[in-house]
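Notes for the one structure printed next.
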Amino acid sequence: MEPSTPTSPSPSNIIRLDLTSLTPSPIPTSSPTPILSPTPIQYHESPDEFVQGGITYVKRAIIARKDFRQGTSHIWKYGLQYIRDSDKKEVYYCHECRVGKSKQELFVINGTSRIRNHLEQKHQIDPQSGIKRKGSVRKSIIDQQKDGAASSIFFWKESVEKFKELLIRWIVYCHIAFFQLENQYFRELLLFLNPALLNHLPKAAKTIRSWVMNAFISKKQQLREDLHHSRSRISISFDLWTLDSATINSIRSLS
Numbered sequence: 001m002e003p004s005t006p007t008s009p010s011p012s013n014i015i016r017l018d019l020t021s022l023t024p025s026p027i028p029t030s031s032p033t034p035i036l037s038p039t040p041i042q043y044h045e046s047p048d049e050f051v052q053g054g055i056t057y058v059k060r061a062i063i064a065r066k067d068f069r070q071g072t073s074h075i076w077k078y079g080l081q082y083i084r085d086s087d088k089k090e091v092y093y094c095h096e097c098r099v100g101k102s103k104q105e106l107f108v109i110n111g112t113s114r115i116r117n118h119l120e121q122k123h124q125i126d127p128q129s130g131i132k133r134k135g136s137v138r139k140s141i142i143d144q145q146k147d148g149a150a151s152s153i154f155f156w157k158e159s160v161e162k163f164k165e166l167l168i169r170w171i172v173y174c175h176i177a178f179f180q181l182e183n184q185y186f187r188e189l190l191l192f193l194n195p196a197l198l199n200h201l202p203k204a205a206k207t208i209r210s211w212v213m214n215a216f217i218s219k220k221q222q223l224r225e226d227l228h229h230s231r232s233r234i235s236i237s238f239d240l241w242t243l244d245s246a247t248i249n250s251i252r253s254l255s
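Counting along the sequence shown from 1, when you hit position 116 you're at 116 in UniProt numbering, and nothing is skipped either side.
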């Protein structure tokens, strides 16, 4: 069997291309990317006045002259001016803090650098362009709890007193050192349970000590009154061999 030899194409099968008749297609040009202007920021109407830390703050626009105008800096897109009633100084009210239910820091307005830093560090707002960056930096546990503290600003007085009572009882019965209340991890635990405690939890062991001493004096006075108003005579007996002097002195103080 002889090997097959390749056959050349016949003239009828050859397609001739007339290169002169072809015109180059226009090169597609990319359309310029439209520049999107940031959507105007809209916040809920801020209060005409509010109280924080026992001090009243009044909106600057309420008591301003008719020709009063807000500044042109981007910080005024994210806040406005209030007047502090105690010294009549102008402070900065942050809309972003209100949206995030954070406590207002109320910087005294004597420039924009501190406010710019606040907007950048806490709300990721670029200090140059004034545009809020996408994504957020992960905050520490304490920072998150501080931000959430404002969600329960109005902490009932009865709840505060009950918290103090339970805290003192735990310290006394478990022999907890006062400085343990300054421990960061213990504070994070309490603030995790209720961020509003941030405004009521003492920062120094000295304050805790005064709480315990005041509670001791109050309980001792109450016990003394109960004994004096008893309907019958009360006899107290104890073993001097095992009783310490501190307990004896405590009993003597009730008589």
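The beta carbon of each residue, even a glycine, is placed where N, CA and C say it ideally should be.
Remember, it's a predicted structure, so these values are computed and weren't measured experimentally.
Counting along the chain, no alpha helix (DSSP H) covers Lys-203, and no H or E run does either. Take the alpha-carbon of Phe-179 and the one of Arg-231: they are about 43 angstroms apart.
When the alpha-carbon of Gly-79 is set against those of Ile-62, Ile-176, Gln-70, the nearest one is in Gln-70.
If only uninterrupted beta strand (DSSP E) runs of at least 3 residues are considered, those enclosed by the stretch 48 to 86 are 49 to 52, 55 to 59, 79 to 84. Shown here for Phe-107: same chain residues with a beta carbon closer than 8 angstroms to its own, the five before and five after excluded, namely Val-91, Tyr-92, Arg-114, Ile-115, His-118 in chain order. Taking a cut-off of 8 angstroms for Cβ pairs, the stretch 168 to 175 and the stretch 207 to 219 touch, as three or more such pairs fall below it. Taking C-beta separations shorter than 8 angstroms and ignoring five residues to either side along the sequence, the partners of Lys-77 in its chain run Ile-41, Gly-130, following chain order. For Glu-120, the enclosing alpha helix (DSSP H) begins and ends at 113 to 123. Per DSSP, Tyr-43 is not a residue of any alpha helix (DSSP H), being assigned neither H nor E. Taking C-beta atoms as the reference points, Ser-86 and Cys-94 fail to come closer than 9 angstroms.
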